[in-house]
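These protein sequence lines are chains A and B, in that order. As numbered in the numbering used here, residues 1259 to 1843 make up the first sequence, in order. As numbered in the numbering used here, residues 1259 to 1843 make up the second sequence, in order. Before any comments, here is the structure.
There are 2 protein chains.
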Amino acid sequence: MYRTHTCGELTLNQVGQTVTLSGWVQKNRLLGGMTFVDLRDRYGITQLVFNMERNAPLCEQANALGREYVIQVKGTVAERTNKNPNIPTGNIEIIADELTLLNTSEVPPFLIENDTDGSEELRLKYRYLDIRRPKLKDVLVKRAQISKAVREYLDAKDFIEIETPNLIKSTPEGARDFLVPSRLVEGSFYALPQSPQILKQLLMVAGMDRYYQIVKCFRDEDFRGDRQPEFTQVDCEMSFVHQEDIFETFGGMVRHVFKKVINYELPELNRLKYDDALRLYGSDKPDLRFDCPIVELNQMLPSSEFAVFNNTIQNGGLVAGLNASGCAAYSRKQLDELTEFVKVSHRGLSGLVNIRFNEDGSVKSSVDKFYTEEQLRLIGTAFNAQKGDLILIAAEKTAKVRKSLGDLRLELAKRNNWIDPNKWSVLWVVDFPLFEQDEETGAITFAHHPFCSPHPEDLQYFDTEPLRVRAQTYDMVMNGNEVLSGSIRIHNHDVQEKVFKSLGLTPEEQEKKFGFMLNAFRYGAPPHGGCAFGLDRVVMLMTGGETIRDTMAFPKTSGGRDLMMDAPTPVDKKQLDELGIATKQ
Amino acid sequence: MYRTHTCGELTLNQVGQTVTLSGWVQKNRLLGGMTFVDLRDRYGITQLVFNMERNAPLCEQANALGREYVIQVKGTVAERTNKNPNIPTGNIEIIADELTLLNTSEVPPFLIENDTDGSEELRLKYRYLDIRRPKLKDVLVKRAQISKAVREYLDAKDFIEIETPNLIKSTPEGARDFLVPSRLVEGSFYALPQSPQILKQLLMVAGMDRYYQIVKCFRDEDFRGDRQPEFTQVDCEMSFVHQEDIFETFGGMVRHVFKKVINYELPELNRLKYDDALRLYGSDKPDLRFDCPIVELNQMLPSSEFAVFNNTIQNGGLVAGLNASGCAAYSRKQLDELTEFVKVSHRGLSGLVNIRFNEDGSVKSSVDKFYTEEQLRLIGTAFNAQKGDLILIAAEKTAKVRKSLGDLRLELAKRNNWIDPNKWSVLWVVDFPLFEQDEETGAITFAHHPFCSPHPEDLQYFDTEPLRVRAQTYDMVMNGNEVLSGSIRIHNHDVQEKVFKSLGLTPEEQEKKFGFMLNAFRYGAPPHGGCAFGLDRVVMLMTGGETIRDTMAFPKTSGGRDLMMDAPTPVDKKQLDELGIATKQ
């Protein structure tokens, strides 16, 4: 037997016991005829003590140990004189009697500690060493706990986990598929699933009633920022449900996970309509750990000659602003930074009007020429402005103003530390539009996917005002990140036709794109709906991480490379010949 | 709300309650002014009653329902006069007050019943209807229960589930890889994992200590018989363990799963050495639900002129047989069938000698010319032959005799119903050889994979008698099927070199084939070992199924096709261009 205990469990209760531990040498140090070794395993660190007087050869053996050597030690648990309150085993140490070297180690290319000196590239190459760092190891452990808590909850609610295949049919919809050449059917290809969307809906047609799967999904996208080519979804679907059932079930799931994994009592999730989210926070995934809503001024602006505001309103645009609470004393430089922030091309404002409600009671603004102090104070009331507050106002097309102020709101929160790191904001955003209009072509397309059910009461607008039709689509937003997306699906053939017609799809195109699914729906499809959680992102948020990469054991770089295995690679021509394909040269 | 209860839960306890149910119409039938509808969902079947006298229009609506229509019904729970003891809801029925048609259905192409009239091809094409059959649905539910029980057990033992990637490096070892062309690294390919073998060993190097994953694996093999291109393993690995720890842990796991899922108390697993398995049962995966061991006769054959036996022994072959208990009265035809059975080319015996111990006490054999009755009775004692027994004896090269008698043993069990269908035989087969000799080339190759640790006490035979070296490799055998395979891995660099040397691998070849793994093992690899369960096969055995296909929601045909989705398919040239590949014409 290699060990009687792990390196994370011995306490004063075991003092006097003979124990055997195995693990890695974190460090060893000589101190006045004694050698202290920190022995590490997944569970913790335990201090070993070797004594020159007690056993000189053994002590010399311990002195010779290098970092990351693997050893087995037999000894006696003793109370430490110099206790370490920072670790669970800090009250004890092991007086070593036997030492077995299980394996040596070359000197690792970076420090195996939370604050390491290794670059990310080096750490990805030696991922098996990177994972020894407690920080990353703890994320993987917590990830497993989150998956476990999800399963516990769903199992208890009669969901059953069903595995769907990874080698499926390539469909022309959505993102780019990863393809897998078929050897047995030469010239043909499987696709890796972008999600089990169609398959899980077919499981509802099959009567499985409540399905879930923690499942890998694949998208061959250009890896902008923090995307991975393969990622994990908690994929769920239920039959005979309305939106309310979904909210109750999966709101409950998130609350269960928070309680189980981080012992946090998340309150019932609030709901925010898509329209309100955009209007108040300039985003369909608002971070509500702080408030600072957008205040619209079109209806209340005092009369003035200020052309920017007047023209904006005349042209159907929006004048709106934020209350940067406590920022009245911002310097010229700070104000310029904020102006630059909203002027960058993807936001595209021309500038910001500011009104300072100074601590001394005075009011100053960048539009003093156009507004009296009384008028400025009136504007201030719309923001509930107090002494010390700074009001920032934008005027442009509505979408631009909302987007820019939404971003500015987050920027202000960051600059002013408005966000309590121990606070969580988890909410539902509901009533998304069913269709979107392509900005360039003006064509109408589905906002989510073509199987999302419209709101029954909006069916009347299909022909006249399609953009007014709301979908039974919902997102869950966690601290400003979309972590779940889903919808009630269309199960009725007539409604599906209506949607396809609005999209301008002919019956032939419908058949080509969605044939086998539409066929299935002719055989008694039940009302159903579901959702998919982005597990990687939830893990990142719940572990306070900064990249999706560090939620995974073996992630890929933004170029889709695995630096450890060195993948992808060229393969033998023989392998390609068998598959009936060739690479281009 | 679509329902207050499922179709599987109402009993006499709810009589008088108003309930709402939703589901599929299994059938409806008119009977003297009443219409009875069997309403089905995942949970069961409930009888609905519509009464002409009570509500004629509603009853007519019910009459018009077709098979597999989806309906919602509100009504009152009532005690049935005509109870059905075969279903849990058989004591009650619902007196219907409201009926809502949720969806219609075309007439299904086959009967949605356990005994269906659909061919397998048709059922695979309409898999979403096939799964509505309780038989298949129950398998999927049980599969989920098995996975759940596995997770419960491993979670409680401090294993953590870690997801490994699906887009990995193609390696030249083992079966054929499925390849995935990379778009971002043109001309390069990922491979889908045949198993996470190397990655899980790296997780041990990373210090994760106890890993598991219920994971899809991929092999592009020719689909002989019951193979699927993608299949599911319960993949496990542990650090700081000896074989004993593995046996205890995973023997315990199987016993837990049996108890939880089918409430069967599996005893502690016995162990059988590989050599003994071959000697006694002619197979490394013996079915021990019945005994009937092979009895070797070389040492005890009475002296005779029978050349077949004498020559076999002189040439180093084996004379051995089985006791076909109770088969003394087999007809000429039956005996001929058994002889044909062992003569087919892949068994290759030239015939069988038989000795009948007749019920009347007489002894008759096909070698009466060569052996006296007394000699035959002596041979009989080796088999513990009783009145009514039939002894069947073969003489050939050892391997052929064992293989043939092993198969014959199973054939006899089938013909004589020796196997109690309620009995389970689960055991460990241990001490596999480390190396095998290629029959044609005589070259020595690894029997399992090159990271299996040899038995420490057999290291002495490496250079002189490599085929004598046992590996720390083990299989779990369930009712004659290998359901788990694993080994203690090599963690020591010197031993690994010894193995590679025996395989004739140069350092360059080692580097090319196993480079990144060998590199990882230089940084403090702990002693470790593990195994992988074939989940699909376990599900098949535990649900009494006959094909792996019916353990999966959406399986492929033996040609690798998904008949429902129609995959694989040709794809657009544009997609291939983006990937930088072309198909051959």
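Note that the Cβ used here is the ideal one computed from N, Cα and C, for glycine as well. On a predicted model such as this, the values are computed, not experimentally measured, just so you know.
Worksheet item: Among A/Arg1667, A/Lys1543 and A/Phe1564, which one has its Cα closest to the Cα of A/Pro1551?
Response: Reading the first sequence from its first residue, position 293 is the one you call residue 1551 of chain A. For the residues A/Arg1667, A/Lys1543 and A/Phe1564, the minimum Cα distance to A/Pro1551 belongs to A/Arg1667.
Discussion item. Between A/Tyr1781 and chain B, is the shortest Cβ-Cβ distance under 7 Å, so that the two count as touching?
Written reply: Within the first sequence, residue 1781 of chain A is the residue found at index 523, counting from 1. Closer than 7 Å: yes.
Practice prompt. Using a Cβ-Cβ cut-off of 7 Å, state whether B/Ser1363 counts as contacting chain A.
Written response: The count along the second sequence starts at 1 and reaches residue 1363 of chain B at position 105. Output row for B/Ser1363: interface = yes.
Worksheet item: Are A/Arg1614 and A/Ala1582 close, meaning C-beta to C-beta below 7 Å?
Response: On the first sequence, position 356 is the one that residue 1614 of chain A refers to. On the first sequence, position 324 is the one that residue 1582 of chain A refers to. The answer is no: Cβ separation not under 7 Å.
Discussion item. By alpha-carbon positions, which one of A/Gly1574, A/Ile1520 and A/Cys1475 ends up nearest to A/Arg1401?
Written reply: Along the first sequence, one-based indexing puts residue 1401 of chain A at 143. Checking every option, the nearest Cα to that of A/Arg1401 belongs to A/Ile1520.
Worksheet item: So, is the C-beta of B/Asp1478 closer than 7 Å to a C-beta in chain A?
Response: Here residue 1478 of chain B is taken as the residue at index 220 of the second sequence, counted from 1. So, interface residue.
Worksheet item: Cβ of A/Tyr1411 less than 7 Å from any chain B Cβ?
Response: For the purposes of this step, residue 1411 of chain A is identified with residue 153 of the first sequence, where counting begins at 1. Not an interface residue.
Fill in: Neighbour flag for A/Leu1530 against chain B, beta carbons, 7 Å
Counted from its first residue, the first sequence places residue 1530 of chain A at position 272. Cβ-Cβ to chain B under 7 Å: no for A/Leu1530.
Worksheet item: Exposed or buried, what is A/Pro1451 when buried is set at 16 or more other beta-carbons lying within 10 Å of its beta-carbon?
Response: As a first step, residue 1451 of chain A must be located in the first sequence, where it is residue number 193. When all chains shown are included, A/Pro1451 counts as buried.
Fill in: Sequence-distant residues of its chain with Cβ nearer than 8 Å to B/Arg1434 (five each side left out)
Taking the first residue of the second sequence as 1, we reach residue 1434 of chain B at position 176. If we look at B/Arg1434 and ignore the five residues flanking it on each side, its Cβ neighbours are Arg1477, Asp1478 and Glu1479.
Worksheet item: Using a C-beta cutoff of 7 Å, does A/Gly1465 count as contacting chain B?
Response: Translated into the one-based positions of the first sequence, residue 1465 of chain A becomes position 207. Closer than 7 Å: yes.
Worksheet item: Looking at B/Ala1701 and B/Pro1250, is the spacing between their C-beta atoms short of 7 Å?
Response: Past the edges of chain B, shown from 1259 to 1843, lies residue 1250 of chain B, and the structure says nothing about it.
Worksheet item: What separation, rounded to the nearest whole angstrom, lies between the Cα atoms of B/Gly1738 and B/Val1797?
Response: On the second sequence, position 480 is the one that residue 1738 of chain B refers to. On the second sequence, position 539 is the one that residue 1797 of chain B refers to. When rounded, the distance between both Cα atoms is 15 Å.
Worksheet item: If you run the structure through DSSP and keep just helix, strand and coil, what is B/Val1602?
Response: Translated into positions along the second sequence, residue 1602 of chain B becomes position 344. Here B/Val1602 sits in coil by DSSP.
Discussion item. Which residue marks the beginning of the beta strand (DSSP E) containing B/Ile1613, and which one marks its end?
Written reply: Position 355 of the second sequence, counted from the first residue, corresponds to residue 1613 of chain B. Note, B/Ile1613: beta strand (DSSP E), Val1611 to Phe1615.
Practice prompt. Quick one: which residues of the stretch 1809-1827 of chain B get their C-beta closer than 9 Å to a C-beta of chain A? List them in chain order.
Written response: Met1810, Ala1811, Phe1812, Pro1813, Lys1814, Gly1817, Gly1818, Arg1819, Asp1820, Met1822, Met1823, Asp1824, Ala1825, Pro1826 and Thr1827
Discussion item. For a contact defined as C-beta to C-beta under 7 Å, what are the partners of A/Asp1299 on chain B?
Written reply: Taking the first residue of the first sequence as 1, we reach residue 1299 of chain A at position 41. The contacting residues are Gly1465 and Asp1467.
Practice prompt. Report the three-state DSSP secondary structure of B/Ser1662 (helix, strand or coil).
Written response: If you number the second sequence from 1, residue 1662 of chain B lands on position 404. Residue state, collapsed to three classes: helix.
Worksheet item: When Cβ atoms are compared, which residues of the stretch 1761-1794 of chain A fall closer than 7 Å to chain B?
Response: Correct list: Phe1774, Ala1778, Arg1780, Tyr1781, Gly1782, Ala1783, Pro1784 and Pro1785.
Worksheet item: In terms of residues, what are the limits of the beta strand (DSSP E) holding B/Glu1694?
Response: As a working mapping, residue 1694 of chain B is identified with position 436 in the second sequence. Secondary structure note for B/Glu1694: its beta strand (DSSP E) is the uninterrupted segment Phe1693 to Gln1695.
Discussion item. Helix, strand or coil, according to DSSP, for A/Gly1744 in the structure here?
Written reply: In the first sequence, counting from the first residue as 1, residue 1744 of chain A sits at position 486. Of the three classes helix, strand and coil, the one that applies to A/Gly1744 here is strand, per DSSP.
Worksheet item: Going along the chain, which unbroken runs of the beta strand (DSSP E) with 3 or more residues stay wholly within the stretch 1393-1437 of chain B?
Response: none
Discussion item. Would A/Tyr1448 pass as an interface residue toward chain B - the criterion being a Cβ-Cβ separation below 7 Å?
Written reply: Here the question's residue 1448 of chain A lines up with position 190 in the first sequence. So yes, A/Tyr1448 belongs to the interface.
Discussion item. Can you list, in chain order, the residues of its chain with a C-beta nearer than 8 Å to that of A/Ile1472? Leave out the 5 residues immediately preceding and following it.
Written reply: Locating residue 1472 of chain A in the first sequence gives position 214, where the first residue counts as 1. So the list reads Ser1405, Val1408, Arg1409, Glu1419, Thr1490, Gln1491, Val1492, Asp1493 and Leu1793, once near-sequence residues are dropped.
Discussion item. Please identify, using Cβ separations under 9 Å, the residues of the stretch 1327-1341 of chain A that lie next to chain B, in order along the chain.
Written reply: Tyr1327, Val1328 and Gln1330
Discussion item. By the three-class DSSP mapping on this structure, what secondary structure does A/Arg1590 have?
Written reply: Along the first sequence, read from residue 1 onward, the residue named residue 1590 of chain A stands at position 332. In this structure, A/Arg1590 counts as helix in the three-state DSSP scheme.
Worksheet item: By a C-beta neighbour count over all protein chains shown, 10 Å radius and 16 as the cutoff for buried, is B/Gly1291 buried or exposed?
Response: The residue labelled residue 1291 of chain B in the question sits at position 33 within the second sequence. With fewer than 16 Cβ atoms within 10 Å of its Cβ, B/Gly1291 is classed as exposed.
Fill in: Alpha-carbon spacing of A/Glu1326 relative to A/Arg1391, whole angstroms
To locate residue 1326 of chain A, count along the first sequence from 1; it is residue 68. To locate residue 1391 of chain A, count along the first sequence from 1; it is residue 133. So the alpha carbons of these two residues sit roughly 12 Å apart.
Worksheet entry | Cβ-Cβ separation, B/His1749 to B/Glu1729 (assumed contact under 8 Å), whole Å | As a first step, residue 1729 of chain B is located in the second sequence; it is residue number 471 there, counting from the start. As a first step, residue 1749 of chain B is located in the second sequence; it is residue number 491 there, counting from the start. First, the residue type needs correcting, since residue 1729 of chain B is Ala and not Glu in the sequence shown. Contact flag wrong, Cβ pair sits at about 14 Å.
Worksheet item: Helix, strand or coil for A/Met1310 per DSSP?
Response: The residue labelled residue 1310 of chain A in the question sits at position 52 within the first sequence. The answer is coil: DSSP assigns A/Met1310 none of H, G, I, E or B.
Worksheet item: Closer than 9 Å, Cβ to any Cβ of chain A: which residues of the stretch 1397-1410 of chain B, in chain order?
Response: Listed by position along the chain: Leu1398, Val1399, Arg1401, Ala1402, Gln1403, Ser1405, Lys1406 and Arg1409.
Discussion item. What does the alpha-carbon distance come out to for the pair B/Glu1617 and B/Lys1672?
Written reply: Indexing the second sequence from 1 puts residue 1617 of chain B at position 359. Indexing the second sequence from 1 puts residue 1672 of chain B at position 414. Those two C-alpha atoms are separated by around 23 Å.
Discussion item. Would A/Leu1742 and A/Asn1528 be called neighbours here (beta carbons separated by less than 7 Å)?
Written reply: To locate residue 1742 of chain A, count along the first sequence from 1; it is residue 484. To locate residue 1528 of chain A, count along the first sequence from 1; it is residue 270. The answer is no: Cβ separation not under 7 Å.
Worksheet item: What residues match up with A/Ala1790 in a beta bridge as DSSP calls it?
Response: On the first sequence, residue 1790 of chain A is found 532 positions in, with the first residue counted as 1. A/Ala1790 is bridged to A/Asp1493 and A/Ser1743.
Discussion item. Would you say B/Phe1368 lies against chain A (beta-carbon separation less than 7 Å)?
Written reply: The sequence position of residue 1368 of chain B within the second sequence is 110, counting from 1. No, because no Cβ of chain A sits closer than 7 Å to the Cβ of B/Phe1368.
Worksheet item: If you drop the 5 nearest sequence neighbours on each side, which residues of the same chain put their C-beta closer than 7 Å to that of B/Ile1353?
Response: Here residue 1353 of chain B refers to the residue found at position 95 when the second sequence is read from its first residue. Closer than 7 Å at Cβ, skipping near neighbours: Val1307, Gly1333, Thr1334 and Ala1336.
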